[in-house]
Amino acid sequence: MWRTASAEREAEPGPAEAPPAIELVSLHKSYGRRVALHDLTLRVEPGEVFGFLGPNGAGKTTAIKILTGLARPTAGRASLRGFVAGAPRGREHVGYLPEQFRFQDWATGEELLDFHGRLAGLPADERHQRAADVLEQVGLAGRGRDRIGSYSKGMTQRIGLAQALLGRPEVVLLDEPTSALDPVGRRDVRDLIRAVKERGVTVFLNSHLLSEVELICDRVAIVDRGRVVRSGRLADLIGPAAGLRLQVDRVDAELLRALASHGTVTSVDGPTVTLGVDGADVAPQVADVVVRRGYRLYGLTPVQRSLEDVFVDLVHGETS
324 MWRTASAERE AEPGPAEAPP AIELVSLHKS YGRRVALHDL TLRVEPGEVF GFLGPNGAGK
384 TTAIKILTGL ARPTAGRASL RGFVAGAPRG REHVGYLPEQ FRFQDWATGE ELLDFHGRLA
444 GLPADERHQR AADVLEQVGL AGRGRDRIGS YSKGMTQRIG LAQALLGRPE VVLLDEPTSA
504 LDPVGRRDVR DLIRAVKERG VTVFLNSHLL SEVELICDRV AIVDRGRVVR SGRLADLIGP
564 AAGLRLQVDR VDAELLRALA SHGTVTSVDG PTVTLGVDGA DVAPQVADVV VRRGYRLYGL
624 TPVQRSLEDV FVDLVHGETS
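Here the sequence shown stands for residues 324 to 643, numbered as in this note's numbering.
Below you can see the structure in the form of structure tokens.
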């Protein structure tokens with residue numbers, strides 16, 4: 324149930340407490356007969372970069388709307404910075420970049436940031452300095468006086484990031500922040516996220532670019548049909564290397580028999596052999612076997628599952 328003002332005050336953290344940056348407990352949301360969230364539970368600690376992943380329709384946007392107060396849960400509870408989600412105190416010091424946003428084309432970048440600075444309660448002199456700072460951070464220094472209507476898609480995405488960071492937030496909610504950016508822009512956003520993390524800012528990241536998530540997130544939660552189907556640190560989700568890829572001068576039956584004593588040959592592609600193993604720690608023995616039998620070894624690489632592999636398995640129902 325949605326909490327009353329009295330319950331909201333009870334949720335205020337005491338001076339000795341360290342509440343989670345974000346907490347969702349048994350969260351349920353339905354729109355008539357359509358259920359968007361089923362018992363969604365997760366916890367994000369202060370200062371971490373947390374990936375919130377799932378296919379379209381998994382309930383990610385609904386959860387973010389509840390956190391920001393744009394929707395109310397049907398059941399369960401949600402908190403932001405230790406306050407009931409939607410409470411004015413909880414929204415203080417929170418930056419938000421939605422997936423689909425549109426700014427006034429006639430406004431300049433500086434005018435947009437000044438407007439959002441006033442909404443955040445920043446004094447005039449601080450608004451001016453903060454606008455200059457965040458424009459530089461997102462790579463728009465010198466373009467603040469240009470009208471937003473003249474910005475490219477990538478520049479528009481960058482000005483959206485700038486407004487999310489303007490008020491020195493403690494928590495930043497980013498919904499597909501790199502969707503309109505080229506590879507250089509995506510790298511810039513990764514660097515920016517790492518920089519705000521170093522200042523103790525919590526980043527809650529929703530992205531379909533799983534390779535990007537692998538590079539910057541401390542932990543992730545994978546959501547499907549409104550439930551968390553797997554969560555944890557990336558290393559734990561992906562697991563140890565499950566194979567070795569060898570590049571040799573030639574492949575014959577003798578080599579394959581020798582390799583089979585250390586694992587299972589899963590594929591042969593010209594001079595490349597993939598060997599399924601229990602862990603990459605057998606690599607020295609495999610290399611020794613190859614060289615002692617007179618083969619030239621040009622490469623030996625651990626083969627590890629990617630976050631995308633884990634994601635695809637889980638959203639197709641393999642949740643055990």
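A virtual CB, placed ideally from N, CA and C, is assigned to each residue, including glycine.
How about residue i and residue j: are their beta carbons less than 7 Å apart?
i: residue 418; j: residue 344; result: no
i: residue 586; j: residue 599; result: yes
i: residue 529; j: residue 375; result: yes
i: residue 610; j: residue 620; result: yes
i: residue 405; j: residue 492; result: no
i: residue 489; j: residue 416; result: no
i: residue 408; j: residue 420; result: no
i: residue 433; j: residue 467; result: yes
i: residue 597; j: residue 568; result: yes
i: residue 461; j: residue 441; result: no
i: residue 435; j: residue 424; result: no
i: residue 626; j: residue 566; result: yes
i: residue 526; j: residue 495; result: yes
i: residue 302; j: residue 570; result: The chain is shown from 324 up to 643; residue 302 falls before or after that span and cannot be answered.
i: residue 353; j: residue 364; result: no
i: residue 539; j: residue 513; result: yes
i: residue 346; j: residue 541; result: no
i: residue 638; j: residue 547; result: yes
i: residue 582; j: residue 588; result: yes
Please name the residue or residues paired with residue i in a DSSP beta bridge.
i: residue 439; result: According to DSSP, which records beta bridges pairwise, residue 439 is partnered with nothing at all.
i: residue 584; result: BP columns for residue 584 are empty, so no partner.
i: residue 566; result: 599, 626
i: residue 475; result: Residue 475 pairs with nothing; no bridge assigned.
i: residue 620; result: 571
i: residue 591; result: 596
Judging by CA-CA distance, which residue of the options is the nearest neighbour of residue i?
i: residue 456; options: 485, 371, 548, 596; result: 485
i: residue 411; options: 393, 629, 583, 425; result: 393
i: residue 524; options: 618, 497, 549; result: 497
i: residue 377; options: 543, 623, 539, 414; result: 543
i: residue 594; options: 584, 581, 573, 613; result: 573
i: residue 369; options: 397, 507, 521, 465; result: 521
i: residue 584; options: 452, 453, 613, 397; result: 613
i: residue 604; options: 591, 590, 624, 589; result: 624
i: residue 395; options: 430, 443, 351; result: 351
i: residue 413; options: 483, 443, 582, 430; result: 443
i: residue 483; options: 518, 506, 452, 431; result: 431
i: residue 629; options: 459, 537, 554, 519; result: 537
i: residue 422; options: 428, 453, 388, 429; result: 388
i: residue 429; options: 470, 463, 454, 556; result: 470
Does at least one heavy atom of the ligand MG sit under 6 Å from the Cβ of residue i?
i: residue 552; result: By its list of ligands, the structure shown contains no ligand whatsoever, and the ligand MG lies outside what it can speak to.
(message) I'd like to know if the stretch 545 to 563 and the stretch 575 to 585 are in contact, where contact means that at least 3 CB-CB pairs between them fall below 8 Å.
(response) no
(message) Under 8 Å: do the stretch 473 to 484 and the stretch 394 to 403 share three or more Cβ pairs, one atom per stretch?
(response) no
(request) Would you check if there are 3 or more beta carbon pairs closer than 8 Å linking the stretch 520 to 538 to the stretch 624 to 637? (result) yes
(request) Inspect the CB distances between the stretch 441 to 459 and the stretch 496 to 506 and report whether three or more fall short of 8 Å. (result) no
(message) Using 8 Å as the cut-off, can you tell me whether the stretch 375 to 386 makes contact with the stretch 357 to 366, which would need three or more C-beta pairs spanning the two stretches below that distance?
(response) These segments touch.
(message) To test your reading of the DSSP string, which unbroken beta strand (DSSP E) runs of 3 or more residues are found completely within the stretch 478 to 563?
(response) 494 to 498, 525 to 529, 542 to 547, 550 to 556
(request) Ignoring anything shorter than 3 residues or poking outside the stretch 338 to 375, list the beta strand (DSSP E) runs there in chain order. (result) Runs of the beta strand (DSSP E) inside the stretch 338 to 375: 345 to 354, 357 to 367.
(message) Just to confirm the assignment: which complete beta strand (DSSP E) runs, minimum length 3, are found wholly within the stretch 396 to 472?
(response) 398 to 403, 417 to 420
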